[in-house]
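Student: Dumping the structure here so I can ask a few things about it.
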Amino acid sequence: MALPLFPPESDPGPDFLSLLRQSGAAAAARPDAGASGSQSLTSHATTVVALRFADGVIMAGDRRATSGNVIAHRGVEKVFPADRYSAVAFAGAAGMALEMVRLFQVQLEHYEKVEGSTLSLEGKANQLAQMVRQHLPMAMQGFVVVPLFAGFDTGRGTGRIYSYDATGGHYEETDFQATGSGGRDARSTVKAGWREGLTQDEAVELAIRSLYEAADEDSATGGPDLVRGIYPLVAVVDAGGYRQVPEEEVAQYFSTLIARLAEERPS
56 MALPLFPPES
66 DPGPDFLSLL
76 RQSGAAAAAR
86 PDAGASGSQS
96 LTSHATTVVA
106 LRFADGVIMA
116 GDRRATSGNV
126 IAHRGVEKVF
136 PADRYSAVAF
146 AGAAGMALEM
156 VRLFQVQLEH
166 YEKVEGSTLS
176 LEGKANQLAQ
186 MVRQHLPMAM
196 QGFVVVPLFA
206 GFDTGRGTGR
216 IYSYDATGGH
226 YEETDFQATG
236 SGGRDARSTV
246 KAGWREGLTQ
256 DEAVELAIRS
266 LYEAADEDSA
276 TGGPDLVRGI
286 YPLVAVVDAG
296 GYRQVPEEEV
306 AQYFSTLIAR
316 LAEERPS
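Heads up, the sequence shown is in my numbering, so the first residue is 56 and it goes up one at a time.
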(Lines of atoms letter the chains of each structure in order from A and count residues from 1; the text may use other names and numbers.)
(Lines give C-alpha, C1' and ligand atoms only; values in the text may rest on other atoms or scores of the structure.)
Protein backbone atom coordinates (compact mmCIF):
# COMPACT_ATOMS: atom_id res chain seq x y z
CA MET A 1 0.00 0.00 0.00
CA ALA A 2 1.44 3.38 -1.05
CA LEU A 3 1.70 6.21 1.44
CA PRO A 4 -0.82 9.02 0.83
CA LEU A 5 0.49 12.27 -0.64
CA PHE A 6 -0.81 15.71 0.37
CA PRO A 7 -0.37 19.19 -1.09
CA PRO A 8 1.75 21.56 1.04
CA GLU A 9 -1.25 23.54 2.34
CA SER A 10 -2.89 20.41 3.81
CA ASP A 11 0.14 18.35 4.82
CA PRO A 12 -0.57 16.91 8.31
CA GLY A 13 3.14 16.95 9.19
CA PRO A 14 3.99 15.24 12.51
CA ASP A 15 0.34 15.08 13.65
CA PHE A 16 -0.61 11.42 13.27
CA LEU A 17 -4.28 12.10 14.10
CA SER A 18 -4.50 14.64 11.27
CA LEU A 19 -2.93 12.06 8.98
CA LEU A 20 -5.66 9.56 9.92
CA ARG A 21 -8.42 12.11 9.42
CA GLN A 22 -7.19 13.27 6.03
CA SER A 23 -6.67 9.72 4.78
CA GLY A 24 -10.15 8.67 5.91
CA ALA A 25 -8.87 6.04 8.32
CA ALA A 26 -10.17 7.83 11.43
CA ALA A 27 -13.81 7.54 10.37
CA ALA A 28 -13.41 3.84 9.72
CA ALA A 29 -11.80 3.27 13.10
CA ARG A 30 -14.24 5.39 15.12
CA PRO A 31 -16.94 3.48 17.00
CA ASP A 32 -20.42 4.01 15.52
CA ALA A 33 -22.25 6.42 17.80
CA GLY A 34 -25.53 4.96 16.64
CA ALA A 35 -24.62 1.34 17.19
CA SER A 36 -27.04 -0.65 19.28
CA GLY A 37 -25.96 -2.26 22.46
CA SER A 38 -26.01 -1.78 26.19
CA GLN A 39 -23.42 0.11 28.18
CA SER A 40 -23.67 -2.67 30.75
CA LEU A 41 -21.88 -4.91 28.23
CA THR A 42 -18.87 -2.59 28.20
CA SER A 43 -15.94 -3.45 30.45
CA HIS A 44 -14.86 -0.65 32.75
CA ALA A 45 -11.45 -0.48 34.37
CA THR A 46 -10.40 1.08 37.69
CA THR A 47 -8.26 2.16 39.70
CA VAL A 48 -4.97 3.90 38.78
CA VAL A 49 -2.64 6.05 40.86
CA ALA A 50 0.51 8.11 40.26
CA LEU A 51 2.87 9.77 42.72
CA ARG A 52 6.19 11.54 42.66
CA PHE A 53 9.28 10.29 44.48
CA ALA A 54 12.79 11.68 44.80
CA ASP A 55 13.99 10.45 41.39
CA GLY A 56 10.85 10.39 39.25
CA VAL A 57 7.30 9.04 39.32
CA ILE A 58 5.53 5.79 40.20
CA MET A 59 2.38 4.73 38.36
CA ALA A 60 0.25 1.75 39.40
CA GLY A 61 -3.09 0.23 38.49
CA ASP A 62 -5.21 -2.68 39.63
CA ARG A 63 -6.11 -5.46 37.17
CA ARG A 64 -9.91 -5.73 37.43
CA ALA A 65 -12.46 -4.74 34.79
CA THR A 66 -16.18 -4.87 35.55
CA SER A 67 -19.31 -5.06 33.43
CA GLY A 68 -22.13 -3.84 35.62
CA ASN A 69 -21.94 -5.88 38.80
CA VAL A 70 -19.95 -8.69 37.12
CA ILE A 71 -16.17 -9.08 37.06
CA ALA A 72 -15.49 -9.07 33.31
CA HIS A 73 -11.71 -9.51 33.40
CA ARG A 74 -9.25 -10.17 36.20
CA GLY A 75 -5.97 -9.42 34.44
CA VAL A 76 -6.48 -6.17 32.50
CA GLU A 77 -3.38 -4.03 32.03
CA LYS A 78 -4.00 -0.34 32.72
CA VAL A 79 -0.46 1.07 32.88
CA PHE A 80 1.58 1.51 29.69
CA PRO A 81 4.71 3.28 28.47
CA ALA A 82 3.76 6.28 26.35
CA ASP A 83 7.37 6.61 25.24
CA ARG A 84 10.78 6.20 26.87
CA TYR A 85 10.27 8.89 29.54
CA SER A 86 6.52 8.84 30.16
CA ALA A 87 3.70 6.54 31.17
CA VAL A 88 -0.06 6.57 30.71
CA ALA A 89 -2.77 4.78 32.66
CA PHE A 90 -6.53 4.82 32.31
CA ALA A 91 -9.85 4.27 34.01
CA GLY A 92 -13.20 3.98 32.28
CA ALA A 93 -14.43 2.14 29.17
CA ALA A 94 -11.62 -0.38 28.76
CA GLY A 95 -11.82 -1.13 25.04
CA MET A 96 -11.89 2.52 23.97
CA ALA A 97 -9.19 3.40 26.50
CA LEU A 98 -6.85 0.75 25.07
CA GLU A 99 -7.35 2.14 21.57
CA MET A 100 -6.67 5.66 22.83
CA VAL A 101 -3.45 4.50 24.50
CA ARG A 102 -2.25 2.74 21.34
CA LEU A 103 -3.03 5.80 19.22
CA PHE A 104 -1.23 8.03 21.72
CA GLN A 105 1.87 5.83 21.57
CA VAL A 106 1.86 5.91 17.76
CA GLN A 107 1.33 9.69 17.75
CA LEU A 108 4.42 10.26 19.91
CA GLU A 109 6.51 7.89 17.77
CA HIS A 110 5.23 9.48 14.56
CA TYR A 111 6.10 12.98 15.79
CA GLU A 112 9.61 11.90 16.77
CA LYS A 113 10.27 10.27 13.40
CA VAL A 114 8.97 13.25 11.39
CA GLU A 115 10.53 16.02 13.49
CA GLY A 116 13.67 14.23 14.63
CA SER A 117 13.03 15.23 18.24
CA THR A 118 10.62 14.32 21.00
CA LEU A 119 7.74 16.39 22.28
CA SER A 120 8.19 18.12 25.61
CA LEU A 121 6.34 16.57 28.53
CA GLU A 122 3.81 19.44 28.36
CA GLY A 123 3.37 18.77 24.64
CA LYS A 124 2.67 15.10 25.30
CA ALA A 125 0.11 16.04 27.96
CA ASN A 126 -1.55 18.46 25.54
CA GLN A 127 -1.69 15.82 22.81
CA LEU A 128 -3.43 13.36 25.12
CA ALA A 129 -5.88 16.10 26.15
CA GLN A 130 -6.85 16.57 22.50
CA MET A 131 -7.55 12.85 22.19
CA VAL A 132 -9.76 12.88 25.28
CA ARG A 133 -11.62 15.94 23.95
CA GLN A 134 -12.24 14.23 20.61
CA HIS A 135 -13.72 11.31 22.54
CA LEU A 136 -16.31 13.61 24.20
CA PRO A 137 -19.28 12.52 21.99
CA MET A 138 -18.79 8.93 23.19
CA ALA A 139 -18.24 10.11 26.76
CA MET A 140 -21.63 11.89 26.61
CA GLN A 141 -23.15 8.48 25.88
CA GLY A 142 -21.53 7.02 28.98
CA PHE A 143 -18.37 5.55 27.45
CA VAL A 144 -16.00 7.72 29.47
CA VAL A 145 -12.21 7.37 29.32
CA VAL A 146 -10.20 9.18 31.99
CA PRO A 147 -6.42 8.82 31.73
CA LEU A 148 -3.52 9.67 34.01
CA PHE A 149 -0.26 10.80 32.45
CA ALA A 150 3.12 11.02 34.17
CA GLY A 151 6.72 11.23 33.14
CA PHE A 152 10.23 12.34 33.88
CA ASP A 153 11.00 15.86 32.72
CA THR A 154 14.58 15.58 31.47
CA GLY A 155 14.93 19.38 31.39
CA ARG A 156 13.86 19.90 34.99
CA GLY A 157 15.18 16.59 36.28
CA THR A 158 11.96 15.74 38.11
CA GLY A 159 8.79 13.70 37.77
CA ARG A 160 5.52 15.38 36.75
CA ILE A 161 1.91 14.18 36.81
CA TYR A 162 -1.13 15.26 34.78
CA SER A 163 -4.78 14.38 35.41
CA TYR A 164 -7.70 14.74 33.01
CA ASP A 165 -11.45 15.10 32.96
CA ALA A 166 -13.89 13.70 30.40
CA THR A 167 -14.00 17.00 28.42
CA GLY A 168 -10.25 16.98 27.77
CA GLY A 169 -9.31 19.38 30.53
CA HIS A 170 -5.88 18.52 31.92
CA TYR A 171 -4.22 19.70 35.08
CA GLU A 172 -0.72 19.27 36.44
CA GLU A 173 -0.72 17.70 39.88
CA THR A 174 1.89 18.74 42.42
CA ASP A 175 2.63 15.44 44.12
CA PHE A 176 0.11 12.66 43.42
CA GLN A 177 -3.24 11.77 41.87
CA ALA A 178 -5.59 8.81 41.48
CA THR A 179 -8.63 8.23 39.30
CA GLY A 180 -11.30 5.60 38.80
CA SER A 181 -14.06 4.33 41.06
CA GLY A 182 -11.55 3.67 43.83
CA GLY A 183 -9.63 6.86 43.20
CA ARG A 184 -10.89 8.68 46.29
CA ASP A 185 -9.76 5.93 48.67
CA ALA A 186 -6.42 5.51 46.88
CA ARG A 187 -5.85 9.26 46.92
CA SER A 188 -6.66 9.49 50.63
CA THR A 189 -4.14 6.74 51.41
CA VAL A 190 -1.40 8.39 49.38
CA LYS A 191 -2.20 11.77 50.93
CA ALA A 192 -1.73 10.34 54.42
CA GLY A 193 1.64 8.75 53.58
CA TRP A 194 3.24 11.00 50.97
CA ARG A 195 6.17 13.27 51.81
CA GLU A 196 8.84 15.04 49.83
CA GLY A 197 11.89 12.93 48.99
CA LEU A 198 10.34 9.45 49.10
CA THR A 199 12.68 6.70 47.95
CA GLN A 200 11.59 4.40 45.15
CA ASP A 201 10.86 1.55 47.56
CA GLU A 202 8.80 3.82 49.81
CA ALA A 203 6.84 5.18 46.84
CA VAL A 204 6.11 1.70 45.48
CA GLU A 205 4.97 0.56 48.93
CA LEU A 206 2.68 3.60 49.21
CA ALA A 207 1.18 3.02 45.75
CA ILE A 208 0.53 -0.63 46.56
CA ARG A 209 -1.01 0.28 49.92
CA SER A 210 -3.30 2.80 48.20
CA LEU A 211 -4.60 0.17 45.75
CA TYR A 212 -5.08 -2.31 48.59
CA GLU A 213 -7.15 0.21 50.56
CA ALA A 214 -9.14 1.14 47.45
CA ALA A 215 -9.94 -2.53 46.80
CA ASP A 216 -11.03 -2.88 50.43
CA GLU A 217 -13.67 -0.15 49.93
CA ASP A 218 -14.57 -0.34 46.24
CA SER A 219 -15.96 -3.52 44.68
CA ALA A 220 -14.83 -2.51 41.18
CA THR A 221 -11.17 -2.33 42.23
CA GLY A 222 -9.28 -5.60 42.34
CA GLY A 223 -6.83 -6.39 45.09
CA PRO A 224 -4.03 -8.95 44.90
CA ASP A 225 -5.29 -12.36 43.73
CA LEU A 226 -3.06 -14.74 45.64
CA VAL A 227 -4.71 -17.86 44.19
CA ARG A 228 -4.27 -16.89 40.53
CA GLY A 229 -1.07 -14.95 41.12
CA ILE A 230 -2.47 -11.70 39.70
CA TYR A 231 -1.08 -8.47 41.13
CA PRO A 232 -1.42 -4.79 40.22
CA LEU A 233 0.96 -3.39 37.63
CA VAL A 234 3.54 -0.95 38.94
CA ALA A 235 5.85 1.14 36.74
CA VAL A 236 8.73 3.51 37.46
CA VAL A 237 9.75 6.45 35.26
CA ASP A 238 13.00 8.22 36.13
CA ALA A 239 16.20 9.38 34.44
CA GLY A 240 16.71 5.81 33.22
CA GLY A 241 13.34 5.80 31.45
CA TYR A 242 10.23 3.67 31.83
CA ARG A 243 10.42 0.24 33.41
CA GLN A 244 7.88 -2.08 34.96
CA VAL A 245 8.46 -3.46 38.44
CA PRO A 246 8.75 -7.27 38.10
CA GLU A 247 5.62 -9.13 39.22
CA GLU A 248 7.55 -11.20 41.77
CA GLU A 249 8.72 -7.98 43.43
CA VAL A 250 5.17 -6.64 43.51
CA ALA A 251 4.05 -9.94 45.08
CA GLN A 252 6.72 -9.53 47.75
CA TYR A 253 5.57 -5.99 48.51
CA PHE A 254 2.03 -7.27 48.98
CA SER A 255 3.17 -10.16 51.17
CA THR A 256 4.99 -7.72 53.43
CA LEU A 257 1.98 -5.38 53.52
CA ILE A 258 -0.51 -8.13 54.36
CA ALA A 259 1.77 -9.52 57.08
CA ARG A 260 2.12 -6.07 58.63
CA LEU A 261 -1.63 -5.45 58.53
CA ALA A 262 -2.25 -8.83 60.17
CA GLU A 263 0.13 -7.92 62.99
CA GLU A 264 -1.53 -4.52 63.49
CA ARG A 265 -5.02 -6.00 63.63
CA PRO A 266 -6.30 -6.09 67.21
CA SER A 267 -6.81 -9.58 68.58
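No residue lacks a Cβ here, since even glycine has one placed at the ideal position from N, Cα and C.
Does the Cβ of E319 have 16 or more other Cβ atoms within 10 Å, making it buried, or fewer, making it exposed?
Tutor: By the 10 Å Cβ count, E319 comes out exposed.
Student: Does the beta carbon of R239 fall short of 8 Å from some heavy atom of the ligand MG?
Tutor: In the structure shown, the ligand MG is absent, as is every other ligand, since no ligand is present at all.
Student: Under a three-way DSSP split, which group does P202 fall into?
Tutor: Here P202 sits in strand by DSSP.
Student: Distance, Cα to Cα, D271 vs G278?
Tutor: 8 Å
Student: Tell me whether the stretch 305-314 and the stretch 143-155 touch, counting them as touching only if at least three CB pairs, one residue from each stretch, are closer than 8 Å.
Tutor: no
Student: Which residue or residues does DSSP assign as beta-bridge partners of S141?
Tutor: D138 and G206
Student: In the DSSP assignment, the beta strand (DSSP E) including I216 goes from what residue to what residue?
Tutor: T213 to Y219
Student: Return the residue from the list G210, H190, S265 and D208 that minimises the CA-CA distance to V201.
Tutor: For V201, the nearest C-alpha among the options comes from H190.
Student: Any idea what DSSP makes of Y267, helix, strand or coil?
Tutor: helix
Student: Skipping 5 residues on each side, what residues in its chain have a beta carbon closer than 6 Å to that of E257?
Tutor: none
Student: Would you kindly work out how many angstroms separate the C-alpha atoms of W249 and V125, rounded to a whole number?
Tutor: Cα to Cα, W249 sits roughly 33 Å from V125.
Student: By how many angstroms is the C-alpha of V300 removed from the C-alpha of E154?
Tutor: 24 Å
Student: Taking 8 Å as the limit between beta carbons, can you name the residues of its chain near T254, skipping five residues before and five after?
Tutor: F108 and A109
Student: The beta strand (DSSP E) with R119 in it runs from where to where?
Tutor: Where R119 is concerned, there is no enclosing beta strand (DSSP E), given that its DSSP letter is neither H nor E.
Student: Using DSSP with H/G/I as helix, E/B as strand and the rest coil, what is A258?
Tutor: helix
Student: Do you know offhand how far L203's Cα is from A221's?
Tutor: 12 Å
Student: Can you list the beta strand (DSSP E) stretches of 3 or more residues lying completely in the stretch 125-200, in chain order?
Tutor: 125-128, 134-138 and 141-148
Student: Excluding the 5 residues preceding and the 5 following D240 in the sequence, name in chain order all residues of the same chain whose CB lies nearer than 7 Å to its CB.
Tutor: E268, A269, E272 and D273
Student: Taking the beta carbon of M186 as the centre, do at least 16 other beta carbons fall within 10 Å, making it buried, or is it exposed?
Tutor: Buried, since its Cβ has 16 or more Cβ neighbours within 10 Å.
Student: Which whole-angstrom value describes the C-beta separation of L176 and G206, a residue pair presumed to lie in contact below a C-beta threshold of 8 Å?
Tutor: 5 Å
Student: Whole angstroms is fine: what's the gap from D169's alpha carbon to T102's?
Tutor: With the sequence shown as reference, residue 169 is identified as Val, and Asp is not the correct amino acid for it. Cα to Cα, V169 sits roughly 35 Å from T102.
Student: Report the residue from G295, R129 and V104 whose alpha carbon sits nearest the alpha carbon of R324.
Tutor: No answer is possible for residue 324: the residues shown for the chain start at 56 and end at 322.
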